[in-house]
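Trainee: Note that the protein sequences, when read in sequence, are chains A and B.
Just so we're aligned, residue 1123 is where the first sequence starts under the working numbering, counting upward by one.
Just so we're aligned, residue 31 is where the second sequence starts under the working numbering, counting upward by one.
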Amino acid sequence: MPERWITALHTDDAGAEDAAATRERLRDRFPRNATRRMTRLGIVLGSVLQPLEPGERDALVYASTHAETHALEDYLDSFPTPSPTLFQTSIHPSAVQQNLIQRQQPVREFLPLTGGADLPALAVTAALLSPATRVILCGGEERGGWLLDAGHASDRTFAFALALSDEPTGAIGKISIQPTDLAADAGSLPLPAFFDLLRERRACDLTLRPGRRLVISWT
Amino acid sequence: MFAPPIHVAACGAFTAHGDELATLDALLGGRVALQARPVLGTAGGDLVPIALINGHDYDETLSAGWLDILQKLASRIPGEGWGGPRKPVFVTGSNYGVGHLLAYRRHGDSAHLDLGTPHGCVARVAAALGWGPDVTTISHACVSAHIGLLQATRMLHAGLADEALVFSFDFITAFVAGGFHSLKILNADFPEPYRDRPTGSIGLGDGAAFAVLTRDRGDVVLEGQALHNEMHHFTANRADGAGFADCLAGLPAVAAGRRVWIKGHGTGTLEAGRLEAQALAKAFPGAPLVSWKGSLGHTLGSCGLVELAVALAAMRRGRAPGTVGSAAPGFTPEVAFDGFDLAGFDAVVCTANAFGGAHAAFLARHA
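1. Return the residue from the list D200/B, T353/B, R61/B and D270/B that minimises the CA-CA distance to I168/B.
2. Per DSSP, I232/B forms a beta bridge with which residues?
3. Against chain A, with Cβ distances strictly below 9 angstroms, would P148/B count as a contact?
4. If you drop the 5 nearest sequence neighbours on each side, which residues of the same chain put their C-beta closer than 7 angstroms to that of A1156/A?
5. According to DSSP, is T167/B helix, strand or coil?
6. If M261/B and Q1226/A are in contact, beta carbons under 8 angstroms, what's the gap, nearest whole angstrom?
7. Comparing the C-beta of A1193/A with each C-beta of chain B, is any distance below 9 angstroms?
8. Does the beta-carbon of N125/B have 16 or more other beta-carbons within 10 angstroms, so that it is buried, or is it exposed?
9. Give the secondary structure of T1187/A by DSSP, where H, G and I count as helix, E and B as strand, and everything else as coil.
10. For G264/B, tell me which candidate among L1148/A, T1187/A and S1216/A has the shortest Cα-Cα distance.
11. Out of R245/B, N267/B, A313/B and G248/B, point me to the one whose CA is closest to L278/B's CA.
12. Considering D276/B, what are the terminal residues of the alpha helix (DSSP H) in which it resides?
13. Locate the beta strand (DSSP E) running through K117/B, then write down its first and last residues.
14. When DSSP labels each residue in this structure, what does R106/B get in the three-state scheme?
15. Using the Cα positions of L1171/A and R346/B, report the straight-line distance between them to the nearest angstrom.
16. Over the uninterrupted beta strand (DSSP E) stretch that includes P315/B, give me the two end residues.
17. For D87/B, which residues from the same chain have a beta carbon less than 7 angstroms from its beta carbon, with the 5 sequence-adjacent residues on both sides left out?
18. Can you tell me whether M31/B is buried or exposed? The criterion is at least 16 other CB atoms within 10 Å of its CB, across all chains shown.
19. For the segment 128 to 141 of chain B and the segment 1147 to 1154 of chain A, state whether three or more C-beta atom pairs, one from each stretch, are separated by less than 8 angstroms.
20. Between the C-alpha atoms of R268/B and A1305/A, what's the straight-line distance to the nearest angstrom?
21. Please report the Cβ distance between I83/B and R67/B, rounded to the nearest whole angstrom; I am assuming they are in contact, meaning their Cβ atoms lie under 8 angstroms.
22. Which same chain residues, not among the five before or five after G178/B, have their C-beta less than 7 angstroms away from its C-beta?
23. Which full runs of the beta strand (DSSP E) of 3+ residues lie inside the segment 122 to 194 of chain B, going along the chain?
24. So, does the CB of G298/B fall closer than 9 angstroms to a CB anywhere in chain A?
25. Can you find the residues in the same chain that come closer than 6 angstroms, C-beta to C-beta, to G327/B, ignoring five residues on each side of it along the sequence?
26. With three or more beta-carbon pairs closer than 8 angstroms as the criterion, would you say the segment 1232 to 1248 of chain A touches the segment 134 to 153 of chain B?
27. Determine the DSSP secondary structure at V354/B, reduced to helix, strand or coil.
28. Could you name the residues of chain A that F264/B contacts, counting a contact when the two beta carbons are closer than 7 angstroms?
29. Count Cβ pairs between the segment 278 to 287 of chain B and the segment 359 to 366 of chain B that sit closer than 8 angstroms; are there 3 or more?
30. Name the chain B residues that come within less than 7 angstroms of E1231/A, Cβ to Cβ?
31. Going by the DSSP bridge assignment, what does D1373/A pair with across the sheet?
32. Over what stretch of residues does the alpha helix (DSSP H) that includes D1271/A continue unbroken?
So this is what it looks like as C-alpha cells:
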C-alpha cells in the first residue's frame, strides 16, 4: 500500500474573517495589488502554497468541495449579461491557477478533486499514487455568501498545503493508505475536519473507504 | 515516465447524434449536430451553436432530464458493484449540475440546489445508478476525463482495484454557454464552418461517456498518458506553443514503429487551434489530424472520453471521420477534412486541452 513522508505543512485558518480583513492580512505575501484580482480562497491557498515553491516536476493534488463560492455567486448574479472574468474565476480549480499563473509556474501533474465527506481520503489516495518525487497536497474553502445562506457553501475560510516526499529526510510525519477489513464500517472525514486534524497535527487512523484506512502520524 | 499500459474492456458514449456508433455514422456522413439556439435559453439572447442530446432541456428542469440520459448510458456498462470494494468509479466533468444553480437563482426553487454543486450532483447520479461509496470526482475543466483515465490506471496498477469505471458527463446550460459567449469565442457566424479565419468558431455540445479499465482484459490498450499545465494564462496558451510540445514530448517514443492518426482537441479557438496543429505536426509529421467538435460541439469535461469512444468505434469500423463542420484552409497540411481508411494505421493519439493551459494526451491501440 502507498505511503509518503510529510516534509512540510502550512495552514491558514481565516474562519469567519471578513474578506477585506483576509486580503489586508495576507496582501504582503503577494505582488503589489495582486490580491485585488484574487478570490478569497485564492489568497488563503496562495499563502500556504507559496512557501512550498511548487516546481514543474511536482505533482499538485487539490481538494475543494465548494471552491470559488463568491465568484460563482457573483457570476450567477451577473446574468443576463454574464461576466467573462467571473466565469473564468468561478471555474474549479481556479484558486490554484490564480497563484501559479501569477508566478508563471508550470506543473506537469495537476489533479483537482472535488467531493463531499470523503474528499480528503480520495485526495490522499491520488497523492500517494502519483509517481512524482514530491507531491503537494493542498486544499481549502472560502466562506460563502448567499449560497451559504442556502446551505450549499462552506461556513469558514481555510487552506492547507502538505509537501509529501518519497524520502524520509526532514520528515515531520507520515501519511499512508493501509488495507483493512472490507466489511469494516467506513467513517467520515470532510475537508474542514481534515484541515483541523492537520492544523493541530493530530494522529489519524480511520477507515474511510471500503477496505482502506487513512493513517497519519507525526514525529 | 508514463503509467504502464492499461486495457479498455468497454467504452461507450452519448452525443447529440446518439450513441458512439450513431455518432460515428453521423460523422462519417458529414452531419453537424450543432444548431443555433438563444444563448440564455428561454430568456433569449444571441444565437450560438449548441448540440443537445435528445431529452435534455437547455433550461434545467426538475426532474433533471440529463439524469435519464445518464441512466440509459449506464445501462450499457458491463458488470455490477461499481463503487464497491475494488471497483472504484472516477466521475469526470466540468460543470456537473451547475445549471441548476442558475435555475435556482432565476426561479427560487430550492429543489435545484441539491443538484447545483458537484458533490450534490454526483451523489444524485451515484444513487440513481446504484453505485457504492468509492466514487472520486475530478474537476479540471476539459482535461477532466483524461485525468480520470490516469487515476483509474494508477489504482489498477497499484493493486487497489480489479476494475475501474471512468464516467464522464457535461450538459450544456445557459451558465456555461453564457460564459463562453461572454469570452467572445463562440462561433458568432454559425453555420460558417470552423476554419483558419480571423475569428474563433467554438460550438458547445452535450456529452456523456464511460470506460471500464482493467489490467488485462479488452481489445484496446491506452498508454503514454501525459499531462502538462502551462499556468501561463486562464484562457490563453504560451505563444511559443511550449505547453502543447511539453505534453506531447514523450509520446513519439511510445508510438515508435506504429503508424498513428490523431484525434485532436480542436475546439475552434483560433490561436489554440493553430498551436495545437503545429505541435502535433512536429511531434507526428504526416499523421492525419482530425477534430469532431465542429459537429458534436465541444462537450467540455466529457470530451476526452466521448471522443475516445468514437475513436475506438472508428478503429473497429476501420474508417475515421474527418474534421466535420470545418473547411479548408486548415492550420497545417496534416488536418484531414475528409474521412479516411484506417487499414494502414496502428494507433490513435487522443488529446485534450483546458482553461489554465492544461494539456492531456494518450495513445490508444489494439491490444
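All residues carry an ideal CB built from backbone N, CA and C; glycine is no exception.
Mentor: Reading from the atomic positions:
1. D200/B
2. L216/B
3. yes
4. Q1224
5. strand
6. Between Q1226/A and M261/B the Cβ distance is about 7 angstroms, and since that is below 8 angstroms, they are a contact.
7. No, because no Cβ of chain B sits closer than 9 angstroms to the Cβ of A1193/A.
8. buried
9. T1187/A carries a coil assignment under DSSP once its states are collapsed to helix, strand and coil.
10. Reading the sequence as shown, one finds Phe at residue 264/B and not Gly. The residue with the shortest Cα to Cα distance from F264/B is S1216/A.
11. A313/B
12. A272 to L278
13. Where K117/B is concerned, there is no enclosing beta strand (DSSP E), given that its DSSP letter is neither H nor E.
14. coil
15. 46 angstroms
16. Segment: none, P315/B is in no beta strand (DSSP E) and carries neither H nor E.
17. Cβ neighbours of D87/B beyond the five flanking positions: G95.
18. exposed
19. no
20. So the alpha carbons of these two residues sit roughly 50 angstroms apart.
21. About 14 angstroms; that fails the 8 angstroms criterion.
22. These residues qualify, in order along the chain: F120, T122, I168, V196 and S198.
23. 165 to 168
24. no
25. L64, A81, G233, L234 and G235
26. yes
27. V354/B: coil per DSSP, three-state reduction.
28. Taking a Cβ-Cβ threshold of 7 angstroms, the residues of chain A close to F264/B are Q1210, Q1219 and I1223, in chain order.
29. Taking 8 angstroms as the limit for Cβ pairs, the verdict is that the segment 359 to 366 of chain B does not touch the segment 278 to 287 of chain B.
30. L257
31. There is simply no residue 1373/A to check, as chain A begins at 1123 and stops at 1341 in what is shown.
32. W1268 to D1271
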